[in-house]
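In our numbering, the protein residues as written are 4 to 959.
All C-beta atoms in this analysis are idealised placements derived from N, C-alpha and C, irrespective of residue type, glycine included.
Accompanying notes for the structure given below.
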Amino acid sequence: MSNKAATKRDVPWHSTMADIGQLKADCKTDPALGLTAAEAARRLARDGANELRALPAVPPWRHALTELQDPLLYLLLVAAAVALAAWAFDGRHGWPMDSIVIAVVVVINAALGWVQEAKARSAVAALARMTRASSRVVRDGLLLGIPSAALVLGDLLVLGEGDAVGADARLTEASDLLLLEASLTGESEPVPKDAAALNATAALGDRLNMVYRGTSVAQGHGRAVVTAIGMQSEVGAIATMLDETADKPTPLQVEVAHIGRVMGLAAVVVAVAVVSTILITEHVRAAADVVSVLLLGVSLAVAVVPEGLPAILSVVLALGVQRMVRRHAIVKNLTSVETLGSASIIATDKTGTLTRGEMTIVRIVTASGISDVTGVGYAPVGQVQLAGAALQPGAQYAENVAVLSGGSLAGNAVLRKAEGGGWKIDGDPTEAAFLVAEHKLGGTARRIKRFTRIGEIPFTSARGMMSTIESDHDHGERLVLIAKGAPGVLLARCTQLRIGSATVNLDDTMRQRIAADVTTLADAALRTLAVAYRQLDAGEGVEVGPQLEQRLIYVGTVGIIDPPRPEVAVAVQQAHAAGIRVIMITGDHPSTALRVAKDLGIVTADSKALTGTELDVLAALGEPAFGEAVRQTSVFARVAPRHKLQIVRALQDSGEVVAMTGDGVNDAPALKAADIGIAMGITGTEVTRQAARMILANDNFGTIVDAVREGRGVVDNIRKFLRYLLSSNLGEVLTVFLGVMGAGIIGLKSGSLDAGSAGNDLVLPLLATQILWINLITDAGPALAMGVDPIAEDMMVRRPRQRGVRMIDAQMWAGIAGIGIVMAVVTLLTIDMFLPGGLVEGHEDLSRARTAGFNVLVLSQLFNCFNARSETRSAFHDLFANRWLWATVALSVMLQVGVVHLEFLNRAFGTKPLSLAQWGVCILMASGVLWFSELRKWALRAWARGGRSAPAAKIE
């Protein structure tokens, strides 16, 4: 959009206290004709479009470059460059296979990330296209429909039931006008609006003569003068907060950067150590030998880095993303999958996220007693019950009919069946609640047949009620006034009470009892509305107005809730079992928030809520007081967007990984600041969806817990293949390093560097081509198979990984080191067993001994596949659960048999065929890795049973 409208204007007619006449004069808007088309065009050119400031479109090539901004990829590119330089320095023989393989891996990794995130961007764009708004305005005296982006300051906005408000505007007319402002303020109930000037400045939610962009009209109609557009609007203010909220790296991005640094340092240390040791101990003098030693150092440095890791990581994350899509969760960034798995807090809005956003009557209180209403939402399925059984005809039944039919008559909502079979409403959700409850009781058809509306006295905030005049066909077309409103307001206008089908005069005792009933409902966090009526005297209905709302007959009171989503309670229970704390952050009333939180199991019966005002007091006391309060509280009510942001940051400062959910504009800054923001795809606003890293396409809170499970499974599998790749690569490096250092001990000083001459020259335990082959058949396939390992049964009873706890912790590094050492030792011992001399006398030549060692190293890595599936569980637990792992192991074994026994491969890789007995020796020696790991896991389990387990031991 144009930046002309990006700065907040200080214009007198923005004031909520301005007189309407002065307002129109100051903004030069004709009260009847609106702006002229020419003036609207001039203001559009001056101020810019009514759009939020958008970031410049990022071209595809920039997205592709972003995928390369990974420390591990940097390390691989350096390794490729070093390998290419070494190949060039060594005479450019053949193809620089190491460099080519690494380059291909880097390209594949970038392509995987780019494709997956492009799909997510397309899904988000499709959701945005579904929500493009239009507005109705008066220009040149004509009512026009225009895109909301074309609204200008001073436009005369026309509002009707169901309309989305396209810009901030000051009301000039309002008739029975109710606005749904949950997306902006978090208020779950429709807010009554009035055009009258306010007597004093007011908070956002209390500016009753203003309407705001992003809200919608629940009932009534009105006109308003546009006072703020684009970034000047309240939504624009929130967008500004978003601009000022920096994106934080995900825990996986932090971990990958750490692994990249560690691997880079290890590569340098290994290369320097090997080259220095050889040059010092072997007395290398010839230039050719020096070059060979330097090339060996480069090869080992490259071998330290698992070149397939970034691509495997991207594939595993992409597979996790696809599984989440099938569960209706759109993840915009691959690494956010892991963040979900690390979440220790789910901070959620209430309205539309935990609740259905469908107001429901659950209790009816009349003179004869209390009735309960079963069923939730707009589907008219359920009963009106007394003591758990359907209410039977009698006095209380007649009173309930009068309450629900009266409430249905005194409203304008419509309940209808949608095309898909569900139920929809048009109008005020609270009014619709009466229609639904009336259907459950069974009086709808009779009420429709009996009454016809003659007139209406619209709701005003000053009166706190609305009334309709109905013609009663069953009583000679007598006119009846039926009123609905706040119980205290109606009770003050009543002189009689309905009992059964009769009426009695109200006395003080009755009034006190009704007031007590209302208090009981309110204490249960139910919104209360009352119904009253009276028959009008002859000629009294000629002039319809508030003067008729007197001498009413009080019928009863209803208790209304916005019911929790049925799947949320189960999801909350699962989250708690997984060690995840669920907290509610809402703009709604504290008692309502607590009621919903208790119903869902978020808090216990004695829990308290903190309000925005109380948070301000705590913030003034300093960070320690504020942080402690946030850590101890799970329900926050009557909060502003800035409070949500403060809460999220306080939780992060205390070491929590925060997933923040929400659907309203007021949630957007906190969503962006959270470790992973989760927006609602259906009811969520465009601002919220853009700020979030994940979108729930079905608005189902339970999907979050499913996504957490998937995320944890991905994290668990990442740890598995990291454990496997790093220990296997370490085994290769140590085999060469220890083989060179201990060549004399194991009898390797029986030929030259190229094994082509006699003497006591240094030889390598493995050839470079053999190491390349090992990486080819044992790295990518098994590691990818581990990436799709089934999610462990106990995944959702484990504690989440805390912020700052490394994915590869000290215990895991110890296991990697142990496996790497054992792998190298059994490989070198096998070579020694086959060679003459050394520790164990053998009788084979160097080629066959090297082939045996080559075999052992390959097989030990394949055994290690099963070890690496868990840090503490036996490799034999669920041994056959992953058929893909068995398939890759079988393929690797067949390929290894081929490289040992096929003549053309013998020549290429310097191998010799082995006998069946020699294969048996190789298998037995390689299995040492398995038995060492089993012994270590047994010790860890025994240690854990003794209560001495470190926290890291709990992370599989």
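Can you check whether the CB of residue j is closer than 8 Å to the CB of residue i?
i    : j    : result
A350 : I605 : no
C925 : L862 : yes
D678 : T377 : no
A657 : G630 : In the sequence under discussion, the amino acid at residue 657 is Ser, which differs from the Ala named in the question. Their beta carbons are under 8 Å apart, which means S657 touches G630 by this criterion.
G323 : V340 : yes
V273 : V743 : no
V229 : G157 : yes
R801 : A581 : yes
S347 : Q805 : yes
T738 : Q864 : no
V660 : P803 : yes
N415 : I367 : no
L772 : F935 : Residue identity differs from the one stated: residue 772 is Thr in this sequence, not Leu. No, the Cβ-Cβ distance between T772 and F935 is not below 8 Å.
P793 : A890 : no
A786 : W887 : no
Applying the 10 Å Cβ sphere with the 16-neighbour rule, what's the burial state of residue i?
i     : result
V384  : exposed
D666  : buried
K353  : buried
F907  : exposed
R872  : buried
H579  : exposed
W941  : exposed
M133  : The predicted position of M133 is uncertain, since its pLDDT is 43 and thus under 50; no value can be drawn from it.
R356  : It should be noted that the sequence gives Thr, not Arg, for residue 356. By the 10 Å Cβ count, T356 comes out buried.
G522  : The identity of residue 522 in the sequence shown is Thr, whereas the question assumes Gly. Flag for T522 reads exposed.
A795  : buried
N1002 : In this structure the chain extends from 4 to 959, so residue 1002 is not present and cannot be described.
M897  : exposed
A84   : exposed
S279  : exposed
N778  : buried
Q975  : Examination of residue 975 is not possible in this model, given that the chain is present from 4 through 959 alone.
A945  : exposed
P15   : Low confidence applies to P15: its pLDDT is 40, below 50, so where it sits in the model is not reliable, and the reading given next is rough at best. With fewer than 16 Cβ atoms within 10 Å of its Cβ, P15 is classed as exposed.
N202  : exposed
N508  : exposed
I283  : exposed
Judging by CA-CA distance, which residue of the options is the nearest neighbour of residue i?
i    : options                : result
L917 : R939, D848, I685, L933 : D848
M327 : I824, L699, L728       : L699
L551 : T560, G559, G267, D540 : D540
H592 : K601, V585, T614, V573 : T614
N867 : R634, A878, N858       : A878
L162 : D143, V214, R142       : V214
V257 : A495, R809, A578, S730 : R809
L493 : S371, I721, F462       : F462
G409 : C30, D602, T358, D475  : D475
S504 : K487, G548, Y400, M468 : Y400
P34  : L159, H96, A198, L80   : L159
R466 : L882, A495, R481       : A495
V573 : D709, H96, V829        : D709
Q635 : A673, I586, A622, Q25  : I586
L1   : G734, G750, E176       : Residue 1 lies beyond the residue range present for the chain, which begins at 4 and ends at 959; the question has no answer from this structure.
A519 : A852, A929, H224, G372 : G372
What whole-angstrom Cβ distance do residue i and residue j have, given they're in contact under 8 Å?
i    : j    : result
K443 : Q386 : 6 Å
V168 : S219 : 7 Å
D702 : I681 : Actually they are not in contact, since the Cβ atoms of D702 and I681 sit about 11 Å apart, beyond 8 Å.
Y381 : L418 : 7 Å
G818 : N720 : That pair is no contact at about 17 Å.
Under 7 Å from any heavy atom of the ligand PLP, does the C-beta of residue i make it?
i    : result
L905 : Judged by which ligands are present, the structure shown has none, so any question about the ligand PLP falls away.
In chain order, each beta strand (DSSP E) run of at least 3 residues that lies wholly inside the stretch 494-549: For the stretch 494-549, whole beta strand (DSSP E) runs of length 3 or above, ordered along the chain, are 497-502, 505-508, 530-538.
Alpha helix (DSSP H) runs wholly inside the stretch 584-661, at least 4 long, in chain order: For the stretch 584-661, whole alpha helix (DSSP H) runs of length 4 or above, ordered along the chain, are 593-603, 615-624, 626-635, 644-656.
Runs of beta strand (DSSP E) lying entirely within the stretch 146-188, each at least 3 residues, in chain order: DSSP runs (the beta strand (DSSP E)) wholly in the stretch 146-188: 159-162, 171-183.
Every unbroken alpha helix (DSSP H) within the stretch 431-485, with a cutoff of 4 residues, ordered by chain: The stretch 431-485 contains these whole alpha helix (DSSP H) runs: 432-444, 447-453.
Secondary structure, alpha helix (DSSP H): runs of 4+ residues fully inside the stretch 701-762: Given a length threshold of 4 residues, each whole run of the alpha helix (DSSP H) inside the stretch 701-762 is given here in chain order: 704-744, 746-749.
Inside the stretch 810-870 only - alpha helix (DSSP H) runs reaching at least 4 residues: Taking only runs of at least 4 residues, the alpha helix (DSSP H) segments lying wholly in the stretch 810-870 are 813-837, 849-870.
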